[in-house]
Amino acid sequence: DFDFKELNEIQKHYPQGYHGVDKEGRPIYIERLGKINVEKLLNVTTLDRYVKYKIYEYEKTLAIRFPACSVAAKRNINRSVTILDVEGVNFKSFTRPVQKVIMQLRKIFEDNYPETLSKMVIVNAGPGFRLLWNTIKCFLHPDTVSKIQVIGSKYESKLLEMIDESSILLIFLRLAFISELPDFLGGRCSCKCEGGCLRSDKGPWKDILVLINIIRIFPAKRNTGSTRCGHVARAHTHQLTFNRP
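Per full-length UniProt numbering, numbering of the sequence shown is gapless, rising by one per residue and ending at 245.
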């Protein structure tokens with residue numbers, strides 16, 4: 001496993017992490033891009049180590065989070081949902097160091113993990129970010145752009161679309177989903193662990209019974225750090241079989 005000892009410090013300068021699942025049972029990944037401070041980030045780590053950490057997390061999602069979500073949802077889960085909070089981001093904040101970090105991560109993701117993204121919701125997009133977005137999306141693959149929606153500060157209704165509005169349990173589901181969202185996104189969750197919600201890694205992959213089921217379904221040894229970037233992503237064809245009730 002990749003030992004990224006500086007993670008707690010990284011979170012102070014670029015809050016990010018997995019937190020809960022959506023209505024389909026897909027893991028939710030959240031980044032607060034508006035709070036990135038690349039200068040301080042690179043004071044506590046190197047770009048090379050940070051990229052290795054991101055690859056490690058991608059591979060961990062393939063090897064553990066997706067199988068855990070599949071077991072919990074009793075159906076195959078092989079994509080995630082991303083919420084990107086860009087409050088305060090504009091042309092001025094998109095400095096050359098920030099560009100270097102983001103563009104390198106973009107290349108790794110699009111070259112190796114594009115099919116793992118179900119949707120991305122960019123929230124708190126002000127006029128400055130919208131101008132910036134017109135430039136950024138030119139560097140993204142059209143398939144990736146088609147999965148992204150940019151909205152402003154009134155994003156609650158969009159996030160709640162992740163709940164099936166035709167369900168008779170709508171009110172319960174909305175409350176349940178809101179409880180999955182961190183409080184800084186209008187939800188009710190405020191994890192008490194060190195670093196809060198984005199350090200909690202909250203999800204089915206933290207449930208010991210779910211992990212036991214993963215071992216039963218996939219008895220082969222799982223290594224979340226040794227797989228070469230992209231090989232698991234492109235060969236991730238495990239299919240779980242669930243008995244219908």
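The C-beta atom is built at its ideal place from N, Cα and C for all residues, glycine as well.
Note that the structure is predicted; figures quoted are calculated from it, not measured.
Through-space distance from Leu-211 to Asp-164, alpha-carbon basis: Bear in mind that a pLDDT of 46 at Asp-164, under 50, signals an unreliable position, so the number given afterwards is only what the model happens to contain. Using only the alpha carbons, I get a separation of about 27 Å.
CB of Val-51 within 7 Å of CB of Glu-6, strictly: no
Under 7 Å between C-beta atoms of His-19 and Lys-202: yes
Helix, strand or coil at Lys-5 [DSSP, three-state]: coil
Minimum C-alpha distance to His-141 - residue among Glu-115, Pro-127, Tyr-155, Lys-158: Glu-115
Contact test: Gln-104 Cβ vs the ligand FMN heavy atom, cutoff 6 Å: The model depicted lacks the ligand FMN and carries no ligand whatsoever.
Nonlocal neighbours in the same chain, by C-beta distance under 8 Å from Arg-49, ignoring five residues either side: Phe-4, Glu-6
Check whether Leu-84 and Glu-31 have beta carbons under 7 Å apart: yes
Expected contact under 8 Å - CB spacing of Gly-152 and Asn-124 to nearest Å: 7 Å
Reduced DSSP category for Glu-194 - H, G, I as helix; E, B as strand; rest coil: coil
7 Å Cβ cutoff met for Ser-118 and Val-71: no
Counted within 10 angstroms of its Cβ, other Cβ atoms place Cys-69 as buried (16 or more) or exposed: buried
Classification of Gln-16 by the beta-carbon crowding that lies within 10 angstroms, buried from 16 upward: buried
Complete alpha helix (DSSP H) runs within the region 12 to 87 (minimum length 4 residues, chain order): 38 to 44, 47 to 60, 66 to 73
Coarse secondary structure for Ile-151, derived from DSSP in three states: coil
Per DSSP, the bridge partner or partners of Cys-189: Pro-182
Classification of Arg-65 by the beta-carbon crowding that lies within 10 angstroms, buried from 16 upward: buried
Val-145 (DSSP reduced to helix, strand or coil): helix
CB of Val-38 within 7 Å of CB of Val-101, strictly: yes
Burial state of Glu-180 (16 or more Cβ within 10 Å): buried
Helix, strand or coil at Ser-157 [DSSP, three-state]: helix
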